[in-house]
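The opening position of the sequence shown corresponds to residue -18 in the numbering used here, with each subsequent residue numbered one higher.
Quick notes on the structure that follows.
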Amino acid sequence: MFFDQQIALLNKEVESKEAAFRLLTEEFLKNECVTEAYLDNVIKREAVFPTGLMINGIGVAIPHTDSQYVKRSQVGFLSLTDPLPFIEMGTRDKEISVSLIFMLALKEPHEQLQMLQNLIEMFQKNGVLEKLRDIHDVEEYRMILQQYGLE
């Protein structure tokens, strides 16, 4: 359900986190998962509640916004050729370099906490972030999700 549209953009070069959010939002819009207001609200929320995490030396971000901007739950994935600066979750100004982005578009508010917990649990497994960073096709991505019970 959360990954059924297989929104996975691999090894993309983007100039800013807003551009990264735009790429994923375009995929969400194509698949009728979000409203037109989704992107602006992800950007606003990220400015107030940063989502960057540094796990085992690899930067990951989990941007999202309120469920009112979501039509159908979906998670999008973007791996970057060059890391982007994000503010670390729980801080106001600690910048980290992020290479992997999991953008959440979740229709039901309770889904957000569960998905965040599931993703963070997966991220903490030995070697999974390295695998995600190094994949080159969507099938590899799907196999990793299946391996960790997310698909």
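The beta-carbon is built from N, C-alpha and C at its ideal position, and this holds for glycine as well.
Flag residue i as yes if its beta-carbon sits less than 8 Å from any beta-carbon of chain D, otherwise no.
i, result
"residue 89", "No chain D is present in this structure, which holds just one protein chain."
By DSSP's criteria, residue i is part of a beta bridge. Which residues make up the other side?
i, result
"residue 128", "In the DSSP output, where bridge partners are listed per residue, residue 128 has none listed."
"residue 108", "Residue 108 is not bridged to any residue."
"residue 55", "86"
"residue -11", "58"
"residue 76", "68"
At the level of alpha carbons, what is the spacing between residue i and residue j?
i, j, result
"residue -18", "residue 84", "Annotation note: pLDDT 49 at residue -18 (below 50); position unreliable, no value reported."
"residue -12", "residue 104", "18 Å"
"residue 1", "residue 8", "11 Å"
"residue 74", "residue 32", "12 Å"
Does DSSP put residue i in a helix, in a strand, or in coil?
i, result
"residue 67", "strand"
"residue -5", "coil"
"residue 81", "strand"
"residue 61", "strand"
"residue -18", "Because the pLDDT at residue -18 is just 49, under 50, the model does not fix this residue reliably, and the value given afterwards should be weighed accordingly. Of the three classes helix, strand and coil, the one that applies to residue -18 here is coil, per DSSP."
"residue 122", "helix"
Locate the alpha helix (DSSP H) running through residue i, then write down its first and last residues.
i, result
"residue 28", "19 to 29"
Kindly indicate the opening and closing residues of the beta strand (DSSP E) around residue i.
i, result
"residue 41", "39 to 42"
"residue 36", "33 to 36"
Would you say the segment 90 to 110 touches the segment 12 to 22, given that touching needs at least three Cβ pairs under 8 Å?
-> no
Evaluate contact between the segment 114 to 124 and the segment 49 to 56, counting only Cβ atoms and requiring at least three cross-stretch pairs below 8 Å.
-> no
Touching or not, the segment 30 to 43 and the segment 62 to 76, by the rule of three or more beta carbon pairs under 8 Å?
-> yes
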